[in-house]
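Working notes, beginning with the structure itself.
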Amino acid sequence: MMRKFFRVLSYAKPYWGYALLNVLFNLWVVLFSLFTFALLVPFLNLLFGNSELVTEAPKFAFSFDAMLATLNYFISKVITTQGHVNALLYICLIMLSAFLLRNAGRFLTSYFIAALRVGATRDLRNAIYHRILILPLSFYHKNRKGDIMARISSDVQEVENSIMNSLEMFVRDPITIIAYLVFMISMSPQLTLFVLIILPFAGYLIGAVGRSLRKTSKAGQDRLAGMLSIIEETISGLRIIKAFNAIEYSDQRFREQNSKFSHLMQRIYRRRDLSSPMSEFLSSVVVIIVLWFGGRMVLSDNSPLGAADFITYIVVFSQIIPPAKTFTQAYYNMQKGIASAERIFELLDAEEVITEKPGALDVSTLNHSIEYKDVSFRYNTDWVLRDINLRVEKGKMIALVGESGGGKSTMVDLLARFYDVTEGSITVDGIDIRELRIDKLRGLFGIVTQESILFNDTVFNNVAFGMRDATMEQVVEAAKVANAHEFIMQLPQGYDSYIGDRGSNLSGGQRQRLSIARAVLKNPAVLILDEATSSLDTEAERLVQEALSRLMESRTSVVIAHRLSTIQHADEIIVLQKGRIVERGTHHQLLEVNGVYKRLCELQTFT
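Listed below in structure tokens is the structure:
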């Protein structure tokens, strides 16, 4: 547990200056608190008429007796010169000033710890988001989006509310407790030894509850992640839910998950809330025992502890109780926060399958060819591709066709290193792509997929996505090539119009033409079209196909197509079946073979 706690704290390391200032002002608070309590003894002696005038200045020393002697000397001078009433007024004014300075210090401790807490949480959230971007696509096949969203939102918030928020308590409270204990030891070593004997028993009983809280808290975060997944799936699939009259089913499914989560959270809150009354009661028991033991000492004839000293001692001891309680509460909160931290670190420690070798090579363009050499690939146990050998010459158009699940999309995913080959290799100009820098490799490709991936942003930012230096003139030119300029200018704010979540404010054809404009602006060496027109109506397909034809002119292209009429002019057509290349050639050559390709063409003609 402590290893994870210190790992969370590592995100606070850049803000050590704020932590140091927090510690300094915590010491400031403790100093003025002790000074205030030290004033109680001469104050009480003055009220009870027990003060003896001190005529000689005591020697300076770091001890309670020396501090008390100095205060008595000062009060004695005031009493001698101005009387008891004025001495009382001086003590009250000094105590008021000490309280003012102590509370100013308390504000500054919170002021500086806030910068540390917020900064560390921000860095943790940044680290998670960066990890989300880096992890391979295979990771998201195994994990629900809602669960990942929960880790970067509610789990991080829980870490801030528990561990980061309790950080000051872990610094402040031990300092306060130690300082007060030293003060108490200087007043009465015997009574303080008795206190130190009975305090651990109370601490052990309080800590017993915290040990069971951690497991329950992690289960609660898992339940919350499940709920977020259901919500995310519901919003994404709302059209299907309504179409299949599944509103009642979906509602019942969410209610069951929500009920389980609520029951679990109720258990967590009850265990956490048990800490306050339990610590309150145990603190009262300890104070009463100390009162009984210390009272007997004061009443004995040979006790060095006077009545005023004992009252001051009890007041100081009572001040140890609040930091001890908050320290205990911080321990409970830490248990809950560690459960969330475990879930966060599971994500941060997830295996990064696609890695870049040290000293990876740069690549800026395709000079000769891309080649698949004896490539085989599997996600888990079943082979998706087997023994693929293919050469894509620069400037040529290669089409991949075949039945669904035949491995067409996997082939282009391997090319951009979204996954790595299981066997064999893929080379660019004779260099294995695993030897190349990942960002430079992916910079060679422009990808247009069947589902237009757009963002809830302006038209301009979607077309210029990933290109920070793109100008309006360049974006407009790319849109014209993609047959998109006309409909963009009809939008309310033109290129500054927001297109909604996933481009929901646009039609399917408009979304696809924006995706093509994005690829045009990138001006890639290799264009990958993954069934870019299969979901469009006839008119939208015509406009998109015109845009694609312009984009593909004199450019290396890899096209995945269901509509075989769109790839009849390809330089080579590769027919895939169950992960293997079963036929290859031009459109006319494959028709003459009278095999799988011809059967696919006949099926589409018949349809």
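Be aware that the sequence shown starts at 0, since it is given in numbering that gives the first Met the number 0, and climbs by one per residue. We put the CB at the ideal spot given by N, CA and C, even for glycine.
- Message: Considering only the alpha carbon of each residue, which of Leu590, Arg105 and Phe459 lies closest to threonine 470?
- Response: Translated into the one-based positions of the sequence shown, residue 470 becomes position 471. Comparing Cα positions, the closest option is Phe459.
- Task: Could you check which residue in Ile197, Ile572, Leu599 and Ser283 has the C-alpha nearest to that of glutamine 588?
- Result: Looking up residue 588 in the sequence shown gives position 589. Here the closest residue by C-alpha is Ile572.
- Looking at aspartate 529 and glutamine 449, is the spacing between their C-beta atoms short of 8 Å? By 1-based counting over the sequence shown, the position of residue 449 is 450. By 1-based counting over the sequence shown, the position of residue 529 is 530. The answer is yes: Cβ separation under 8 Å.
- Task: Compute the distance between the beta-carbons of valine 525 and valine 480, then report whether it is under 8 Å.
- Result: Translated into positions along the sequence shown, residue 525 becomes position 526. Translated into positions along the sequence shown, residue 480 becomes position 481. No, the Cβ-Cβ distance between valine 525 and valine 480 is not below 8 Å.
- Give me the Cα-Cα distance between leucine 87 and valine 77, rounded to the nearest whole angstrom. To locate residue 87, count along the sequence shown from 1; it is residue 88. To locate residue 77, count along the sequence shown from 1; it is residue 78. The alpha-carbon of leucine 87 is positioned some 9 Å away from that of valine 77.
- Message: My assumption, with CB atoms under 8 Å, is that alanine 463 sits in contact with valine 474. Please give the rounded CB distance.
- Response: For the purposes of this step, residue 463 is taken as the residue at position 464 of the sequence shown. For the purposes of this step, residue 474 is taken as the residue at position 475 of the sequence shown. Between valine 474 and alanine 463 the Cβ distance is about 6 Å, and since that is below 8 Å, they are a contact.
- Query: Do the CB positions of methionine 186 and aspartate 348 come within less than 8 Å of each other?
  - Reply: Residue mapping note: residue 186 aligns to position 187 of the sequence shown, counting from 1. Residue mapping note: residue 348 aligns to position 349 of the sequence shown, counting from 1. No, they are not a contact pair.
- Item | Host beta strand (DSSP E) of glutamine 576 (start-end) | For the purposes of this step, residue 576 is identified with residue 577 of the sequence shown, where counting begins at 1. Note, glutamine 576: beta strand (DSSP E), 571-576.
- Task: Could you tell me whether the stretch 14-32 touches the stretch 98-117, where touching means 3 or more Cβ pairs closer than 8 Å?
- Result: Touching, yes, given that three or more Cβ pairs across the two stretches are closer than 8 Å.
- Query: How would you write the range of the alpha helix (DSSP H) that lysine 3 sits in, first residue to last?
  - Reply: Walking along the sequence shown from the start, residue 3 turns up at place 4. Start and end: 1-8.
- Task: Go through its chain and collect everything with a Cβ distance to asparagine 366's Cβ below 6 Å, but skip five positions before and after it.
- Result: Position 367 of the sequence shown holds residue 366. Around asparagine 366: Asp428.
- Message: Applying the 10 Å Cβ sphere with the 16-neighbour rule, what's the burial state of isoleucine 151?
- Response: As a first step, residue 151 is located in the sequence shown; it is residue number 152 there, counting from the start. Buried: at least 16 other Cβ atoms inside 10 Å.
- Curious, which full-length beta strand (DSSP E) runs of at least 3 residues does the stretch 423-494 contain? The DSSP assignment places complete beta strand (DSSP E) segments of no fewer than 3 residues inside the stretch 423-494 at 444-448, in order along the chain.
- Message: For isoleucine 230 and glutamate 434, I'd like the C-alpha separation in whole angstroms.
- Response: Within the sequence shown, numbered from 1, the residue matching residue 230 stands at position 231. Within the sequence shown, numbered from 1, the residue matching residue 434 stands at position 435. CA-CA distance, isoleucine 230 to glutamate 434, rounds to 42 Å.
- Message: Taking the beta carbon of methionine 396 as the centre, do at least 16 other beta carbons fall within 10 Å, making it buried, or is it exposed?
- Response: Sequence index remark: in the sequence shown, residue 396 carries index 397 (1-based). In this structure methionine 396 is buried. Its beta-carbon is surrounded by 16 or more other beta-carbon atoms within 10 angstroms.
- Spatially closest choice to glutamine 251 from Ile387, Met226 and Thr69, by CA coordinates: Counting from one through the sequence shown, the residue named residue 251 turns up at place 252. Minimum Cα distance to glutamine 251 is reached at Met226.
- Selected residue, minimal CA-CA separation from alanine 178, among Phe444, Glu392, Glu345 and Gln318: Position 179 of the sequence shown, counted from the first residue, corresponds to residue 178. The shortest Cα separation from alanine 178 among Phe444, Glu392, Glu345 and Gln318 belongs to Gln318.
- For my contact list, isoleucine 515 and leucine 550 are in at a C-beta cut-off of 8 Å; report their separation, rounded to the angstrom. Numbered from 1 along the sequence shown, position 516 holds the residue referred to as residue 515. Numbered from 1 along the sequence shown, position 551 holds the residue referred to as residue 550. The pair is a contact, with the Cβ atoms about 6 Å apart (cut-off 8 Å).
- Item | Nearest-angstrom Cβ-Cβ length linking serine 375 and threonine 409, presumed shorter than 8 Å | For the purposes of this step, residue 375 is taken as residue 376 along the sequence shown, with counting starting at 1. For the purposes of this step, residue 409 is taken as residue 410 along the sequence shown, with counting starting at 1. With 8 Å as the limit, serine 375 and threonine 409 do not qualify as a contact, their Cβ atoms being about 11 Å apart.
- Buried versus exposed call for leucine 132 [16 or more other C-beta atoms within 10 Å across all chains shown]: For the purposes of this step, residue 132 is taken as residue 133 along the sequence shown, with counting starting at 1. Exposed.
- Starting from the Cα of tyrosine 110, find the closest Cα among Leu195, His140, Leu23 and Leu542 and give me that residue. Indexing the sequence shown from 1 puts residue 110 at position 111. Minimum Cα distance to tyrosine 110 is reached at Leu23.
- Query: Hey, serine 153 and leucine 263 are a contact pair by Cβ (cut 8 Å); roughly how many whole angstroms apart?
  - Reply: To locate residue 153, count along the sequence shown from 1; it is residue 154. To locate residue 263, count along the sequence shown from 1; it is residue 264. So it is not a contact: roughly 14 Å between Cβ atoms.
- Buried or exposed: where does methionine 1 fall if 16 or more other Cβ atoms within 10 Å of its Cβ makes it buried? As a position in the sequence shown, residue 1 is number 2, starting the count at 1. Per the 10 Å Cβ criterion, exposed.
- Query: Terminal residues of the continuous beta strand (DSSP E) containing lysine 372?
  - Reply: What you label residue 372 is simply residue 373 of the sequence shown in a count that begins at 1. Counting along the chain, the beta strand (DSSP E) containing lysine 372 begins and ends at 368-377.
- Item | Residue interval of the alpha helix (DSSP H) (run including isoleucine 515) | Against the sequence shown, residue 515 aligns to sequence position 516. Segment 507-521, the alpha helix (DSSP H) holding isoleucine 515.
- Message: If I measure Cβ to Cβ from lysine 446 and keep anything under 6 Å in the same chain, skipping five residues before and after, which residues do I get?
- Response: Walking along the sequence shown from the start, residue 446 turns up at place 447. Per the sequence presented here, residue 446 reads as isoleucine, with lysine not at that position. Answer for isoleucine 446: Ile527, listed in chain order.
- Item | Beta-carbon proximity check, arginine 171 vs asparagine 25, cutoff 8 Å | Sequence index remark: in the sequence shown, residue 171 carries index 172 (1-based). Sequence index remark: in the sequence shown, residue 25 carries index 26 (1-based). Asparagine 25 is positioned such that its CB atom lies closer than 8 Å to that of arginine 171.
- Task: Within the same chain, show all residues whose beta-carbon is closer than 7 Å to that of leucine 384, passing over the 5 residues directly before and after it, in chain order.
- Result: Position 385 of the sequence shown, counted from the start, is the residue given in the question as residue 384. So the list reads Val374, Ser375, Phe376, Gly406, Thr409, Met410 and Gly578, once near-sequence residues are dropped.
- Can you tell me which of the three DSSP states threonine 555 falls into? Within the sequence shown, the letter at position 556 stands for residue 555. Three-state result, threonine 555: strand.
- Do glycine 336 and isoleucine 162 come within 8 Å of each other at the CB atom, strictly closer than that value? Residue mapping note: residue 162 aligns to position 163 of the sequence shown, counting from 1. Residue mapping note: residue 336 aligns to position 337 of the sequence shown, counting from 1. Contact flag set, yes.
- Message: Give me the residue from Ile430, Lys12, Val352 and Ser363 with the minimum Cα distance to glutamate 370.
- Response: Within the sequence shown, residue 370 is the residue found at index 371, counting from 1. For glutamate 370, the nearest C-alpha among the options comes from Ile430.
- Message: Could you give the first and the last residue of the continuous beta strand (DSSP E) run that contains asparagine 125?
- Response: As a first step, residue 125 is located in the sequence shown; it is residue number 126 there, counting from the start. Unbroken run through asparagine 125 is the alpha helix (DSSP H), 83-133; no beta strand (DSSP E).
- So, is valine 521 buried or exposed, given that buried needs 16 or more other C-beta atoms within 10 angstroms? Sequence index remark: in the sequence shown, residue 521 carries index 522 (1-based). In the sequence as presented, valine is not what sits at residue 521; that position holds lysine. Per the 10 Å Cβ criterion, buried.
- Query: Are tyrosine 17 and leucine 115 touching if we call contact CB-CB under 8 Å?
  - Reply: Taking the sequence shown and counting its residues from 1, the one referred to as residue 17 is at position 18. Taking the sequence shown and counting its residues from 1, the one referred to as residue 115 is at position 116. With respect to leucine 115, tyrosine 17 sits close: the two C-beta atoms are nearer than 8 Å.
- Task: Measure the CB-CB distance between alanine 415 and alanine 569 and report whether it falls below 8 Å.
- Result: Here residue 415 refers to the residue found at position 416 when the sequence shown is read from its first residue. Here residue 569 refers to the residue found at position 570 when the sequence shown is read from its first residue. Against a cut-off of 8 Å, the Cβ pair of alanine 569 and alanine 415 comes out as no contact.
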